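> Just so we're aligned, residue 2 is where the sequence shown starts under my numbering, counting upward by one. Structure provided below as structure tokens; questions to follow.
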Amino acid sequence: MNHLSSFALGLLWVAAALSVRLQAQQDLPYTQTKDALYGEVHGTGLLMDVFIPKDKKRGLGIVDVASGAWYSDRGKIRDHTLSQMFTIYCSRGYTVFAVRPGSKTRYTVFEMDQNLKTAVRFIKEHAKDYGIDGDRLAMTGASAGGHLATLAALTVEPGKPDSKNAAQRFDTSVKAVGVFFPPTDFVDWEHGKRAELSLLGPLLFVGGGAGRSEEEVLTKAREASPLHRVTKPTVPFLLIHGDADKVVPLAHSQKLVEAINKAGGSAELVVKAGGGHPWLTLHEEVQKLADWFDKHLVDKTDAAR
């Protein structure tokens with residue numbers, strides 16, 4: 002993300018702050034547990050925030066990948082709060098797990114992907130503790146978080162029933178994926194051009210991309226691209242993307258939706274007219290995504306409650 006885009010995004014959140022302050026004066030529809038430990042890598046804890054609805058509980062969970070520009074600090078959870086994600090989802094009865102998969106200063110994309118899958122396994126292992134059905138999880142994210150969510154959903158790893166690690170007995174699948182403006186193709190970022198090595202290096206290789214051959218970069222770029230991981234029918238996908246996005250071109254979502262449908266899966270695209278990266282009224286599209294999650298996760302028994 003360039004400096005101009007970062008400045009514009011800052012203005013966006015400043016403009017949204019008033020509504021958040023007003024919201025803070027009211028009772029939020031959730032209780033929030035900060036920095037819950039879901040795993041450990043090389044002696045470093047992997048953390049998430051858990052948002053549990055106060056009233057209506059459907060026993061359903063949403064994994065929210067809190068990452069932007071492949072950084073996963075607490076500011077990303079703040080951004081999602083500004084977008085009203087937790088308020089909207091929890092008011093629908095969803096328990097939300099805001100997973101922080103790590104930042105590119107420490108982890109490659111492939112390690113972030115494994116960290117996210119560790120979170121899914123942990124959530125399934127402890128589903129009863131959270132009062133949810135581990136077999137009915139959704140996944141969401143925006144920008145880099147959307148990239149990691151789609152990558153994880155397209156590269157599901159099976160459970161290992163005989164593993165001594167209880168979490169490893171669960172697979173990493175989810176029931177539905179809904180994301181905002183995700184990068185999906187590092188090989189053809191825009192108009193036949195690959196993403197710049199300055200972006201790709203820290204994401205693809207430990208220590209960066211200096212000294213790597215063209216073939217090495219291309220191979221890893223494909224592996225990290227959700228578009229190039231579509232090989233068979235998938236769980237339902239919904240992608241939401243603005244047609245004025247100057248950071249991640251709309252074509253990223255268009256190509257992924259086309260590839261999933263061509264493979265026999267189900268994918269939809271909602272194009273936000275004039276939408277950038279992101280846009281001020283993003284909460285309106287979060288509501289639409291919540292409706293879509295209801296469609297794919299809520300059964301007749303839930304609806305009757």
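Glycine is no exception: its CB is placed at the ideal position from the N, C-alpha and C atoms. What you are looking at is a predicted structure, and each value in this text was computed from that prediction instead of being measured.
For the segment 52–120, which segments carrying the alpha helix (DSSP H) assignment without a break, of at least 4 residues, lie completely within its bounds, in sequence order?
75–83, 86–92
> Return the first residue and the last residue of the beta strand (DSSP E) that F238 is part of.
For the purposes of this step, residue 238 is taken as residue 237 along the sequence shown, with counting starting at 1. Segment 238–243, the beta strand (DSSP E) holding F238.
> Can you grab the Cα-Cα spacing for the pair R22 / T82, in whole Å?
Looking up residue 22 in the sequence shown gives position 21. Looking up residue 82 in the sequence shown gives position 81. Low local confidence applies: a pLDDT of 47 at R22 is under 50, so the model's placement there is unreliable, with the coordinate-based value given in what follows. R22 and T82 have their C-alpha atoms spaced approximately 11 Å apart.
> Following the continuous alpha helix (DSSP H) through A139, name the residue where it begins and the one where it ends.
Here residue 139 corresponds to residue number 138 of the sequence shown, with the count starting at 1. Bounds of any alpha helix (DSSP H) do not take in A139; it lies within the beta strand (DSSP E) bounded by 138–143.
> Could you check if Q288 is buried or exposed, using at least 16 other CB atoms within 10 Å of its CB as the buried criterion?
Here residue 288 corresponds to residue number 287 of the sequence shown, with the count starting at 1. Under a 10 Å Cβ-count criterion, Q288 is classified as exposed, with fewer than 16 other Cβ atoms of the shown protein chains found around its own Cβ.
> I'd like to check one pair, L152 with D114: are the Cβ atoms closer than 8 Å?
As a first step, residue 114 must be located in the sequence shown, where it is residue number 113. As a first step, residue 152 must be located in the sequence shown, where it is residue number 151. A contact, by the Cβ cut-off of 8 Å.
> Could you name the residues of the same chain whose beta carbon sits closer than 8 Å to that of L295, not counting the 5 residues immediately before and after it, in chain order?
Against the sequence shown, residue 295 aligns to sequence position 294. A quick correction: the sequence has Asp, not Leu, at residue 295. Closer than 8 Å at the Cβ level, and outside the excluded window around D295, lie R93.
> How many angstroms separate the CA atom of A67 from the CA atom of L149?
Against the sequence shown, residue 67 aligns to sequence position 66. Against the sequence shown, residue 149 aligns to sequence position 148. If you take the alpha carbons of A67 and L149, they lie about 10 Å apart.
> Run the CB neighbour count on Q26, radius 10 Å, all protein chains shown included, and call it buried at 16 or more, exposed below.
Here residue 26 is taken as the residue at index 25 of the sequence shown, counted from 1. With a pLDDT of 42 at Q26, under the threshold of 50, the modelled position of this residue cannot be trusted; read the value that follows with caution. Under this definition Q26 is an exposed residue.
> Within 10 Å of its beta-carbon, does K273 have 16 or more other beta-carbons around it, so buried, or fewer, so exposed?
Position 272 of the sequence shown, counted from the first residue, corresponds to residue 273. Burial call: buried.
> Return the CA-CA distance between K176 and V218, expressed in angstroms with no decimal places.
For the purposes of this step, residue 176 is identified with residue 175 of the sequence shown, where counting begins at 1. For the purposes of this step, residue 218 is identified with residue 217 of the sequence shown, where counting begins at 1. Rounded to the nearest angstrom, the two C-alpha atoms are 32 Å apart.
> As a quick exercise: from T32, P102, G40, T106, pick the residue whose alpha carbon is nearest that of G208.
The count along the sequence shown starts at 1 and reaches residue 208 at position 207. The residue with the shortest Cα to Cα distance from G208 is T106.
> Report, in whole angstroms, the separation of the C-beta atoms of L270 and S254, which I expect to be a contact under 8 Å.
Numbered from 1 along the sequence shown, position 269 holds the residue referred to as residue 270. Numbered from 1 along the sequence shown, position 253 holds the residue referred to as residue 254. The Cβ separation is near 6 Å, so the contact holds.
> Enumerate, from N- to C-terminal direction, the unbroken alpha helix (DSSP H) stretches of 4 or more residues contained entirely within the segment 231–283.
Listed in chain order, they are 252–263.
> Just how far apart, CA to CA, sit K35 and L48?
Along the sequence shown, one-based indexing puts residue 35 at 34. Along the sequence shown, one-based indexing puts residue 48 at 47. Rounded to whole angstroms, K35 to L48 spans 8 Å at the Cα level.
> In the DSSP assignment, what are the bridge partners of G179?
Reading the sequence shown from its first residue, position 178 is the one you call residue 179. Partner(s): T141, L239.
> Candidates A264, V248, L200, I241: which alpha carbon is nearest R230's?
Here residue 230 refers to the residue found at position 229 of the sequence shown. The shortest C-alpha separation from R230 is found at A264.
> Would you mind working out which of P250, R137, L204 sits nearest P183, comparing C-alpha positions?
As a working note, residue 183 is residue 182 in the sequence shown. That would be P250, whose Cα lies nearest to the Cα of P183.
> What distance in whole Å lies between the Cβ atoms of T232 and G266, which are believed to be in contact at a cut-off of 8 Å?
Counting from 1 along the sequence shown, the entry for residue 266 is found at position 265. Counting from 1 along the sequence shown, the entry for residue 232 is found at position 231. In fact, because the Cβ distance is near 10 Å, the residues do not count as touching under 8 Å.
> Beta strand (DSSP E) containing T156: first to last residue?
Numbered from 1 along the sequence shown, position 155 holds the residue referred to as residue 156. Premise fails: T156 is in no beta strand (DSSP E) and is neither H nor E.
> Taking the alpha carbon of N166 as the point to measure from, which residue in E126, E215, H284, K194 has its own alpha carbon closest?
For the purposes of this step, residue 166 is identified with residue 165 of the sequence shown, where counting begins at 1. With distances taken between Cα atoms, N166 lies closest to E126.
> Check whether the segment 139–147 touches the segment 61–78, counting contact only when three or more Cβ pairs, one atom from each stretch, lie closer than 8 Å.
yes
> Using the DSSP secondary-structure output, state which residues sit across from G40 in a beta bridge.
By 1-based counting over the sequence shown, the position of residue 40 is 39. The partner list for G40 (beta bridge, DSSP) reads L47.
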